[in-house]
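Enquirer: Structure in structure tokens, see below.
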Amino acid sequence: MTTFLTTPQGRHIAYHQTPGKGPGVVFLGGFRSDMTGSKAQALQSWAEAAGRAFLRFDYSGHGASHGAFVDGAISDWREDAAAVIEVLTEGPQILVGSSMGGWIALLLARDMPNRVAGFVGIAAAPDFTERMWEAEFSLAERTALLEEGLFLRPSAYSDDPYPITLRLIEDGRQNLVMNGPLHLPFPVRLLQGSADTDVPPTVAISLFHQIISPDLRLTLVKDADHRFSTPPCLAMITEAIEDVTRAREALSYEDSPGLQVSNIR
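Residue 1 is where the sequence shown starts when you use UniProt numbering, and the numbers rise one by one after that.
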């Protein structure tokens with residue numbers, strides 16, 4: 001059953017929560033995705049079988065949540081995620097961020113570190129709005145944005161184009177995380193497909209080098225695309241969560257000699 005949470009900003013956020021043991025797992029979806037996607041559903045099934053607390057939700061303007069998609073931006077969706085974690089969960093949570101959800105998770109780790117137990121990034125896309133503006137948009141698209149405040153970008157996943165707003169781009173610049181070291185004092189697992197054309201492997205490798213963590217691993221999966229939702233890929237996600245849980249239990253931060261980074265595999 002889907003229920004709703006009203007955030008401090010007055011937005012109505014749809015969510016589904018599975019009770020269980022901690023640390024709980026929170027799934028943060030991608031740009032224009034929702035909590036009924038294959039990764040969110042597979043994680044819920046895994047959590048129910050494992051007796052693990054699990055929370056999935058829709059950002060405002062996404063899925064069953066209220067609001068118009070074009071009215072939202074990174075700051076709003078970060079606020080939505082922070083609200084559901086603060087109100088609906090107890091203790092540190094393992095954040096599983098898919099695509100844009102990886103960016104949101106990194107912002108949460110910065111802003112509420114005491115509520116984060118670990119991070120699993122799936123084709124994480126930090127700062128993607130700036131990459132779109134700098135490397136992907138044509139002059140005509142930039143001009144349309146500056147003059148009209150919006151343009152419709154074709155989507156490889158839907159017949160409906162993505163509406164990109166000037167506010168999304170400008171707000172993204174206020175939330176950049178790849179402009180300095182990312183101090184994440186908990187286990188981190190990054191999963192990335194080699195055939196991902198939306199978030200290329202170079203992004204994952206750059207993120208790998210930006211993160212400072214006591215336990216950091218990047219898994220590059222040959223021929224996996226941005227969806228990362230084949231049965232083997234879904235199994236890798238749950239394995240990464242279990243690995244983060246084990247690493248968190250084994251890791252003593254006070255006694256840690258420093259950064260321990262595995263090789264890319």
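Glycine residues also receive a C-beta, built at the ideal position from the N, C-alpha and C atoms.
Pull up the distance between the alpha-carbon of arginine 246 and that of phenylalanine 151, whole angstroms please.
Expert: Looking at the two C-alpha atoms, the distance is approximately 45 Å.
Enquirer: Classify proline 92: buried if its beta carbon has 16 or more other beta carbons within 10 angstroms, exposed otherwise.
Expert: buried
Enquirer: Buried or exposed: which applies to glutamate 147, given that a residue is buried once 16 or more other Cβ atoms fall within 10 Å of its Cβ?
Expert: exposed
Enquirer: Where does valine 203 sit, in a helix, a strand or coil, going by DSSP?
Expert: helix
Enquirer: Taking 8 Å as the cut-off, decide whether the C-beta atoms of lysine 39 and isoleucine 237 are in contact.
Expert: yes
Enquirer: When we look at the beta-carbon of leucine 139 and count the other beta-carbons within 10 Å, is it buried (16 or more) or exposed?
Expert: exposed
Enquirer: Report all residues from its chain with a CB closer than 6 Å to the CB of phenylalanine 54; omit the five preceding and five following residues, and keep chain order.
Expert: Thr18, Val25, Gln44 and Ala47
Enquirer: If you count every other CB in all the chains shown that lies within 10 Å of the CB of tyrosine 15, and 16 or more means buried, which is it?
Expert: buried
Enquirer: For alanine 207 and arginine 189, I'd like the C-alpha separation in whole angstroms.
Expert: Rather than alanine, the amino acid found at residue 207 in this sequence is leucine. So the alpha carbons of these two residues sit roughly 11 Å apart.
Enquirer: Should the region 125–145 be regarded as contacting the region 163–177, the criterion being three or more beta carbon pairs within less than 8 Å?
Expert: yes
Enquirer: If I follow the unbroken alpha helix (DSSP H) through arginine 246, where does it start and stop?
Expert: 231–250
Enquirer: For glycine 193, count the other beta carbons within 10 Å of its own beta carbon; 16 or more makes it buried, fewer makes it exposed. Which is it?
Expert: buried
Enquirer: Measure the alpha-carbon distance for alanine 64 versus isoleucine 85 and round it to whole angstroms.
Expert: Approximately 18 Å between the Cα atoms of the pair.
Enquirer: Could you tell me the boundaries of the beta strand (DSSP E) in which leucine 5 lies?
Expert: 3–6
Enquirer: In three-state DSSP terms, what is proline 23?
Expert: strand
Enquirer: Three-state secondary structure (DSSP) at arginine 56?
Expert: Here arginine 56 carries a strand assignment [DSSP, helix/strand/coil].
Enquirer: Which runs of the beta strand (DSSP E) at least 3 residues long sit entirely within the region 139–227? Give them in chain order.
Expert: 150–153, 162–165, 188–193 and 216–221
Enquirer: Count the other CB atoms, across all protein chains shown, that sit within 10 Å of the CB of tyrosine 157; report buried if there are 16 or more and exposed otherwise.
Expert: exposed
Enquirer: Only counting the same chain, and skipping five residues up and downstream in sequence, which positions put a Cβ closer than 7 Å to that of proline 201?
Expert: Gln192, Ser194 and Leu220
Enquirer: In whole angstroms, what separates the C-alpha of alanine 117 from that of glycine 72?
Expert: 28 Å
Enquirer: DSSP state of glycine 121, grouped into three classes?
Expert: strand
Enquirer: Taking Cβ positions, are alanine 224 and cysteine 233 nearer each other than 8 Å?
Expert: Cβ distance < 8 Å, so alanine 224 and cysteine 233 count as in contact.
Enquirer: Using a Cβ-Cβ cut-off of 7 Å (strictly less than) and excluding sequence neighbours within five positions of phenylalanine 79, which residues of its own chain qualify?
Expert: The residue you asked about is not phenylalanine; residue 79 is glutamate in the sequence shown. Excluding residues within five positions, the ones whose Cβ falls inside 7 Å are Thr7 and Gln9.
Enquirer: As a quick exercise: from Phe57, Phe137 and Gly102, pick the residue whose alpha carbon is nearest that of alanine 83.
Expert: Closest by alpha carbon: Phe57.
Enquirer: Could you tell me which residues DSSP pairs with threonine 18 in its beta bridges?
Expert: Phe54
Enquirer: Under the assumption that glutamine 210 contacts leucine 182 (Cβ atoms under 8 Å), give the Cβ distance between them as a whole number of angstroms.
Expert: Here glutamine 210 really is in contact with leucine 182; their C-beta atoms are around 5 Å apart, less than 8 Å.
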